[in-house]
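Engineer: Handing you this structure, nothing more for now.
There are 2 protein chains.
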Amino acid sequence: MAEQTVPEGFTTEQLAYVEDLAATITASGVQRMPSRIYAAILVSEEGSMTAAELAATLRISPAAVSTAVRWLTQIGMVSRRSVPGSRREQYVVDSDSLIRLIAHDTRALQSWVVGFGRGLGVVEPDGAAARRLTELQEFFGFLLEEMDGVMERWYARTRQQGAATPTGQPSPSRAARNR
Amino acid sequence: MAEQTVPEGFTTEQLAYVEDLAATITASGVQRMPSRIYAAILVSEEGSMTAAELAATLRISPAAVSTAVRWLTQIGMVSRRSVPGSRREQYVVDSDSLIRLIAHDTRALQSWVVGFGRGLGVVEPDGAAARRLTELQEFFGFLLEEMDGVMERWYARTRQQGAATPTGQPSPSRAARNR
DNA sequence: CAGGAACTTCACGATTTTGTGAATGTATTT
DNA sequence: AAATACATTCACAAAATCGTGAAGTTCCTG
């Protein structure tokens, strides 16, 4: 029962997990390819992979990698890193990038607030519809506000834990700005 | 400039807004038809519409209404209500249903927690990948926990406002800071 | 109890989406 | 400076999705 391996050092077990995790990510709205790529890099021991490695591991074309990576870097789930001695680029996933993405992705919530707000101009003032729209608008606005406090508490908690459990790893809080 | 109307009492202005709001909803992952239907009912003064009204207003087939409504009721964005003297059913939207949906939709967050957890079984123990997976798992678990507090504060706030401003005027609000 | 109205389900056609191969662009190395 | 190695873009084909019409089912009405 020697560990089955594939070109880039993933065991078949790990490969299966990558697909499994990708499915979960896909279920929350991300397209298939970006999900698979994100999952693969996340699971890789180094936390980074090159385009060629991704193509070989996931059995997809370089074109698919390119397209998916472009999307991933645009929204900030993955960052690029140039490798000094090579033309190759590495695509990096650190856990913080996803966390920050969720924390600061106010765009989604804001578009709801704006969207409901617009409705107040077209329905009967003080009517039942206006009341519904107002409540929803306020709720999403409230979530927006609350997100700050939530993240504050998260970072407080991680600081505390980070001090308690020295894993011998340099703090991963620094992430590369993409582009 | 008499108000242009369509069969079910929507002005063209309102119809345009319905499509606009539907687009926002669609942008966050909901399919087109469910989004349009939800938007239409939400904007309707009564907060409820029949299948026939929906079909006429949105110019779609009864089949499309049926399919979309089934999905909407399954996830809880819309509820059904039988009309006493008729075979017709009404589909109801109240602002609370969406709010509760978001508040209690722990399934999404939980599947992330579970998903990351599974990964810990296949990566090198105490390695960098394991550290990433653990942090993400903890983060989503944290969000799950925090959701309770957030909703508690929301309901406290609405109770307060309900007493103070019956029409639901948006009052300057501050983010909660305390635990 | 027959007729019909309302909703649902099913199979199909049309549209949209998605990934590939080939061509193109760009930077590094010799 | 030419060659080469990566990465990206484009057009197309395959595949998945979506909405419709028609048939089916269920429950009211007369």
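Quick mapping for you: the protein sequence lines, in order, are chains A and B. When the letters of the first sequence are read in order and numbered with my numbering, they come out as residues 1453 to 1631. When the letters of the second sequence are read in order and numbered with my numbering, they come out as residues 1453 to 1631. Even for Gly, the Cβ is constructed at its ideal location relative to N, Cα and C. Owing to the predicted nature of the structure, the values given are computational and were not obtained by experimental measurement.
When you compare the CB of B/Gln1466 with every CB in chain A, is at least one pair closer than 9 Å?
Structural biologist: Within the second sequence, numbered from 1, the residue matching residue 1466 of chain B stands at position 14. Yes, B/Gln1466 counts as interfacial toward chain A.
Engineer: Does the distance from the CB of B/Leu1524 to the CB of B/Ile1489 come in under 9 Å?
Structural biologist: Locating residue 1524 of chain B in the second sequence gives position 72, counting from the first residue. Locating residue 1489 of chain B in the second sequence gives position 37, counting from the first residue. In this structure, B/Ile1489 lies closer than 9 Å to B/Leu1524 by Cβ.
Engineer: Should B/Gln1456 go down as buried or exposed, given a rule of 16 or more other Cβ atoms within 10 Å for buried?
Structural biologist: Position 4 of the second sequence holds residue 1456 of chain B. Note that B/Gln1456 scores 49 on pLDDT, short of 50, meaning its location in the model is unreliable; the coordinates nonetheless yield the value given after this. So B/Gln1456 ends up on the exposed side.
Engineer: I'd like to confirm the pairing. Which residues does DSSP put opposite A/Val1544 in its beta bridges?
Structural biologist: On the first sequence, position 92 is the one that residue 1544 of chain A refers to. According to DSSP, which records beta bridges pairwise, A/Val1544 is partnered with A/Ser1500, A/Ser1531.
Engineer: Between the Cα of B/Ala1580 and those of A/Asp1546, A/Arg1484, A/Gly1567, spot the shortest distance and give me the residue it belongs to.
Structural biologist: The residue given as residue 1580 of chain B occupies position 128 in the second sequence. For B/Ala1580, the nearest C-alpha among the options comes from A/Asp1546.
Engineer: Can you give the Cα-Cα distance for B/Pro1514 and B/Ala1503, rounded to whole angstroms?
Structural biologist: Residue 1514 of chain B sits at position 62 when you count from the first residue of the second sequence. Residue 1503 of chain B sits at position 51 when you count from the first residue of the second sequence. Each residue's alpha carbon lies about 7 Å from the other.
Engineer: Quick one: complete alpha helix (DSSP H) runs, 4+ long, within the stretch 1464-1521 of chain A?
Structural biologist: 1464-1479, 1484-1495, 1503-1510
Engineer: In chain A, what lies closer than 8 Å to B/Asp1472 by C-beta?
Structural biologist: As a first step, residue 1472 of chain B must be located in the second sequence, where it is residue number 20. Near B/Asp1472 (Cβ distances below 8 Å), the residues of chain A are Gly1567, Arg1570.
Engineer: Taking C-alpha atoms, which residue in B/Gln1542, B/Gln1613, B/Gly1528 lies nearest to B/Ser1534?
Structural biologist: As a working mapping, residue 1534 of chain B is identified with position 82 in the second sequence. From the listed residues B/Gln1542, B/Gln1613, B/Gly1528, the smallest Cα separation to B/Ser1534 is found for B/Gln1542.
Engineer: Identify each residue in the stretch 1485-1511 of chain B for which the Cβ-Cβ distance to at least one residue of chain A is less than 8 Å, and report them in chain order.
Structural biologist: Leu1494, Val1495, Ser1496, Glu1497, Glu1498, Gly1499
Engineer: If we count the other Cβ atoms within 10 Å of its Cβ and call it buried at 16 or more, is A/Ala1608 buried or exposed?
Structural biologist: If you number the first sequence from 1, residue 1608 of chain A lands on position 156. So A/Ala1608 counts as exposed.
Engineer: Flag B/Leu1595 as yes if its beta-carbon sits less than 9 Å from any beta-carbon of chain A, otherwise no.
Structural biologist: Numbered from 1 along the second sequence, position 143 holds the residue referred to as residue 1595 of chain B. Cβ-Cβ to chain A under 9 Å: yes for B/Leu1595.
Engineer: Could you tell me the alpha carbon to alpha carbon distance between A/Thr1464 and A/Ala1507, rounded to whole angstroms?
Structural biologist: Position 12 of the first sequence, counted from the start, is the residue given in the question as residue 1464 of chain A. Position 55 of the first sequence, counted from the start, is the residue given in the question as residue 1507 of chain A. Rounded to whole angstroms, A/Thr1464 to A/Ala1507 spans 16 Å at the Cα level.
Engineer: For the stretch 1574-1600 of chain A, which residues have a CB atom closer than 8 Å to at least one CB atom of chain B, in sequence order?
Structural biologist: Val1574, Val1575, Glu1576, Asp1578, Gly1579, Ala1580, Ala1581, Arg1583, Arg1584, Leu1585, Thr1586, Glu1587, Leu1588, Gln1589, Glu1590, Phe1591, Gly1593, Phe1594, Leu1595, Glu1597, Glu1598, Asp1600
Engineer: Compute the Euclidean distance between the alpha carbons of B/Ala1479 and B/Ile1554, then round it to the nearest angstrom.
Structural biologist: Stepping through the second sequence from its first residue, residue 1479 of chain B is reached at position 27. Stepping through the second sequence from its first residue, residue 1554 of chain B is reached at position 102. Between B/Ala1479 and B/Ile1554, the C-alpha separation is close to 16 Å.
Engineer: Can you tell me whether DSSP reads A/Val1575 as helix, strand or coil?
Structural biologist: Taking the first sequence and counting its residues from 1, the one referred to as residue 1575 of chain A is at position 123. In the three-state DSSP reduction, A/Val1575 falls in the coil class, being neither helix nor strand.
Engineer: Do we get a CB-CB distance below 9 Å when we pair B/Ile1554 with the residues of chain A?
Structural biologist: Start at 1 with the first residue of the second sequence, and residue 1554 of chain B comes out as number 102. True, the Cβ-Cβ gap to chain A drops below 9 Å.
Engineer: Output yes if chain A places a C-beta closer than 9 Å to the C-beta of B/Trp1523; else output no.
Structural biologist: Position 71 of the second sequence, counted from the first residue, corresponds to residue 1523 of chain B. So, not an interface residue.
Engineer: For B/Glu1597, count neighbouring C-beta atoms within 10 Å of its own C-beta (all shown protein chains included) and say buried if the count is 16 or more, exposed if not.
Structural biologist: Reading the second sequence from its first residue, position 145 is the one you call residue 1597 of chain B. By the neighbour-count rule (16 or more Cβ atoms within 10 Å), B/Glu1597 is not buried but exposed.
Engineer: What is the DSSP secondary structure of A/Ser1549, counted as helix, strand or coil?
Structural biologist: Working through the first sequence from its first residue, we reach residue 1549 of chain A at position 97. Reduced to three states, the DSSP call for A/Ser1549 is helix.
Engineer: If we define contact as Cβ-Cβ less than 9 Å, is A/Arg1605 a contact residue for chain B?
Structural biologist: The residue given as residue 1605 of chain A occupies position 153 in the first sequence. Yes, A/Arg1605 counts as interfacial toward chain B.
Engineer: Can you find a CB in chain B that lies within less than 9 Å of the CB of A/Ile1551?
Structural biologist: One-based indexing of the first sequence puts residue 1551 of chain A at position 99. Answer yes: the Cβ-Cβ gap between A/Ile1551 and chain B drops below 9 Å somewhere.
Engineer: Please name the residue in B/Gly1461, B/Ile1512, B/Gln1612, B/Tyr1469 whose C-alpha comes closest to that of B/Glu1498.
Structural biologist: Translated into the one-based positions of the second sequence, residue 1498 of chain B becomes position 46. For B/Glu1498, the closest C-alpha among the options B/Gly1461, B/Ile1512, B/Gln1612, B/Tyr1469 is that of B/Gly1461.
Engineer: Report the CB separation of A/Gly1567 from B/Thr1476 in whole angstroms; it is logged as a contact under 8 Å.
Structural biologist: To locate residue 1567 of chain A, count along the first sequence from 1; it is residue 115. To locate residue 1476 of chain B, count along the second sequence from 1; it is residue 24. Indeed, because the Cβ distance is near 4 Å, the residues count as touching under 8 Å.
Engineer: Could you name the residues of the stretch 1522-1547 of chain B whose beta carbon sits closer than 8 Å to any beta carbon of chain A, in the order they occur along the chain?
Structural biologist: Val1545, Asp1546, Ser1547
Engineer: Starting from B/Thr1476, find everything on chain A with Cβ-Cβ shorter than 7 Å and list it in chain order.
Structural biologist: The count along the second sequence starts at 1 and reaches residue 1476 of chain B at position 24. Going along chain A in sequence order, the residues near B/Thr1476 (Cβ under 7 Å) are Ser1563, Trp1564, Gly1567.
Engineer: Taking Cβ-Cβ distances shorter than 9 Å, what residues in chain A pair up with B/Gly1481?
Structural biologist: Stepping through the second sequence from its first residue, residue 1481 of chain B is reached at position 29. Within chain A, the residues near B/Gly1481 are Ser1480, Gly1481.
Engineer: Does any C-beta atom of chain A lie closer than 9 Å to the C-beta of B/Ala1520?
Structural biologist: Position 68 of the second sequence holds residue 1520 of chain B. It does not: the Cβ of B/Ala1520 has no partner Cβ on chain A nearer than 9 Å.
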